[in-house]
Amino acid sequence: MISTCLGQSADMTEGVYTDLKTGINFSTWTNQDGFTTGLVLPPDAAGQNAADYIGLLRCESDTANATGWCGLAHHGDMLADLLLIAWQYQGSVVTSFRWATDYFMPPAYVGQDVSLTQISSWANATGYEVIYQCRNCLSPKTQPAAVAKSANASKTSLPLGYAQGFDSPLNPGCPGNVTFTFHDKGYGQWEASLESTEAALYDQWALLATKVQNDTC
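Numbering (the UniProt record's numbering), first residue to last: 1 to 217.
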């Protein structure tokens with residue numbers, strides 16, 4: 001997510017998606033470049049000022065050798081925002097939290113207050129997908145300036161941002177030391193409506209999150 005900003009308006013198509021394997025119902029946003037993200041919030045998320053969510057990231061790969069990467073900005077910006085980056089590696093999906101203080105390669109997020117646990121994933125020559133539970137990701141507390149940029153679910157919409165790169169990351173098997181190229185496949189920001197994102201079955205679906213990524217290199 002190396003850019004002057006993520007302020008460019010993203011042309012997103014809003015929709016719904018039900019994952020056949022888990023039965024999870026997502027509100028989704030998709031662009032023309034093969035990026036889709038989805039969101040499920042707990043019941044009464046607005047009243048609880050929810051910081052957790054169940055998410056979906058699905059991204060296209062242009063070739064089998066250049067599988068690319070994609071990312072989600074939880075408050076729509078690159079700076080002082082919790083960034084979630086995903087890419088495929090050896091048939092699985094790898095993720096990394098990042099935090100940028102300048103418009104360069106964002107370093108790993110050092111806070112211990114957020115976590116991601118995978119529910120399911122797949123990866124092949126055409127793309128990759130990960131469904132996950134993200135804890136405290138809408139309101140990280142540890143990193144400087146995080147509280148001010150907190151993107152909680154207390155409103156009717158949430159500013160989100162995305163970025164994509166054509167090239168595969170360098171050192172993809174080591175999430176803490178991976179290097180990303182410029183987001184030359186696109187980037188932007190949009191306002192995501194939360195009107196249909198709350199789900200009564202959230203707690204039941206969250207129990208499916210059991211796969212913890214091994215970040216040891």
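Using N, Cα and C, we set each Cβ at its ideal position, and we do this for glycine too.
If you're wondering where the values come from, they're calculated on a predicted model, not measured in any experiment.
Mind checking who residue i pairs with in its DSSP beta bridge?
{"i": "residue 35", "result": "59"}
{"i": "residue 205", "result": "Partner(s): none; residue 205 has no beta bridge."}
{"i": "residue 26", "result": "17"}
{"i": "residue 92", "result": "89"}
{"i": "residue 118", "result": "132, 211"}
{"i": "residue 99", "result": "None; residue 99 has no bridge partner."}
{"i": "residue 71", "result": "85, 163"}
{"i": "residue 79", "result": "100"}
Determine whether the beta carbon atoms of residue i and residue j lie at a separation below 8 Å.
{"i": "residue 161", "j": "residue 33", "result": "no"}
{"i": "residue 202", "j": "residue 138", "result": "no"}
{"i": "residue 45", "j": "residue 198", "result": "yes"}
{"i": "residue 41", "j": "residue 194", "result": "yes"}
{"i": "residue 38", "j": "residue 23", "result": "no"}
{"i": "residue 121", "j": "residue 108", "result": "no"}
{"i": "residue 200", "j": "residue 118", "result": "no"}
{"i": "residue 30", "j": "residue 13", "result": "yes"}
{"i": "residue 62", "j": "residue 166", "result": "yes"}
Go ahead and label residue i buried or exposed: buried means 16 or more other beta carbons lie within 10 angstroms of its beta carbon, across all protein chains shown.
{"i": "residue 140", "result": "buried"}
{"i": "residue 147", "result": "Residue confidence for residue 147 is low, a pLDDT of 39 falling below 50, so the modelled location carries little weight and cannot support an answer."}
{"i": "residue 15", "result": "exposed"}
{"i": "residue 157", "result": "exposed"}
{"i": "residue 20", "result": "exposed"}
{"i": "residue 169", "result": "buried"}
{"i": "residue 125", "result": "exposed"}
{"i": "residue 189", "result": "buried"}
{"i": "residue 68", "result": "buried"}
{"i": "residue 103", "result": "exposed"}
{"i": "residue 64", "result": "exposed"}
Ignore the nearest five residues each way along the sequence and tell me which others in residue i's own chain have a CB closer than 7 Å to its CB.
{"i": "residue 172", "result": "87, 89, 94, 178"}
{"i": "residue 123", "result": "88, 91, 92, 93"}
{"i": "residue 215", "result": "175, 176"}
{"i": "residue 106", "result": "1, 83, 98, 99, 100"}
Excluding the five sequence neighbours on either side, which residues of its own chain have a C-beta within less than 6 Å of the C-beta of residue i, listed in chain order?
{"i": "residue 57", "result": "37, 86, 130"}
{"i": "residue 196", "result": "27"}
{"i": "residue 35", "result": "59, 70, 162, 164"}
{"i": "residue 186", "result": "33, 164"}
{"i": "residue 206", "result": "133"}
{"i": "residue 73", "result": "6, 81, 83, 161"}
Is there a Cβ from chain D that is less than 8 Å from the Cβ of residue i?
{"i": "residue 185", "result": "Note that chain D does not occur in the displayed structure, where there is just one protein chain."}
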